[in-house]
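Okay, structure first, notes after.
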Amino acid sequence: MNYGDLIRDAFRITLHNRFLWFFGFFAGGTGSNFIGNVPSGGGNFDFDDFRRSGAGSSGLTAQVGQGLNDTVLILGIVVVVLIVALLFIFMAIVSQGALADSVAAIDRGEGRRFGSAFSSGAGNFWRVLGYYIVFFLVGLGLLVVIGIPVAILIGGTFAVTESTGARITVAVIVGILAVLLLIVVFIPLSIIGQYALREIVVRRERVVSSVGTGYSLFRRNIGRSLLLWLIQIGLSIGIAIAFILLLLIVGLVLAIPAIVLAFAGYTTGVWIAGVPAGLIWFLLFLVVTGAIGTFSHAYWTLAYLRLTASPTTLTSPDPTPTPE
């Protein structure tokens, strides 16, 4: 495998198929946190205000009406948050299938558009959802298997001895060993997960059998798989640094007019200059995030295709005639 060609091809597909950036935004693990201030105090029902109102029925109606309004507002916010969260989850699952299938098709020389990519992702929705459920359960089971002995060792030490030094020593040693074990277990699991996803989407494997196939592919190519993971880590660090610098530089340039107006005392001008600048910065953030997510997905899809390709497809025949 030529790792330089792999990175180049992933970059080329990302650059020339910008419609994939939409799916890359959702597949790249981007999410949103919704934090709201929930009114407390039973809907601000105040018995003192009720007694001071001098009109029992009207005061009660006003207080209950205010409480109902707050309750309806809270329920409305909760419903909106749930709808948006479900939409993001749906699009994340669809985007995984859309990207894997589209990158594989483009690598074969086939054409792809937004509509066909979305249709492919939607067609693989339940299979990819099953994939996530299976790997969630596998990961949870491994955490339990690792966590129970750790808890027993540390808890047993605390129960047996009251020596602070012994407790700290055991806790530190066991904690370090647990972290190392987690690394040893979950790095291969993450690579197997990358392969299994492509088995489901590209090879149309069943969800459960894709786990075994992904493991077999990892075991046969353990050195190359770990090197692929290390290269991705290095690329991720470099891309993250460049991404942060880009956002800082663009944000500073866009903020200069608002800063100048703020020093000049033009409050209205600050808003007029700041709001469009913030929107431009946010759109840039979305676009670059989508491009990064697409590149990362294409990188693993192409790596999977290179590892599973037969030797005859990897090498073109030599046109030079063989001497008699």
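Here numbering that gives the first Met the number 0 is used: position 207 in the sequence shown is 206, and no number is missing along the way.
The C-beta atom is built at its ideal place from N, Cα and C for all residues, glycine as well.
Checklist entry - Does the pairing of the stretch 250-270 with the stretch 296-312 give three or more beta-carbon distances under 8 angstroms? => result no
Item to check | Euclidean distance between Cα positions of L304 and G129 | outcome: 22 angstroms
Checklist entry - Would the beta-carbon of T156 fall within 8 angstroms of that of A150? => result no
Checklist entry - How many Å lie between D4 and L98 at the Cα? => result 19 angstroms
Next on the checklist: Please identify the residue among F134, V83, A254 and N16 whose C-alpha is closest to the C-alpha of A103.
Outcome noted: N16
Item to check | Proximal residues to V173 (C-beta, below 7 angstroms), its chain only, five neighbours per side dropped | outcome: V149, L152 and I153
Checklist entry - Assuming L19 and A121 make a contact with CB atoms under 8 angstroms, what is their CB distance in whole Å? => result That belief does not hold up - the Cβ atoms of L19 and A121 are roughly 15 angstroms apart, past 8 angstroms.
Checklist entry - Any beta-carbon of chain D closer than 8 angstroms to the one on G129? => result The question asks about chain D, but that chain is absent: this structure has only one protein chain.
Item to check | Distance between beta carbons of Y194 and L216, contact taken as under 8 angstroms | outcome: 5 angstroms
Next on the checklist: Helix, strand or coil, according to DSSP, for M90 in the structure here?
Outcome noted: helix
Item to check | Separation of G277 from V259, as counted between CA atoms | outcome: 16 angstroms
Next on the checklist: Suppose you measure from the CA of F242 to the CA of G146; what does that come to, to the nearest Å?
Outcome noted: 36 angstroms
Checklist entry - Can you tell me whether DSSP reads A308 as helix, strand or coil? => result coil
Checklist entry - When you compare only the Cα positions, how much space is there between G55 and V79? => result Summary for G55: the model assigns pLDDT 49, below 50, so the residue's position carries little reliability, and this model does not support an answer.
Item to check | Unbroken alpha helix (DSSP H) run spanning S162, endpoints | outcome: That residue, S162, is in no alpha helix (DSSP H); it is neither H nor E in DSSP.
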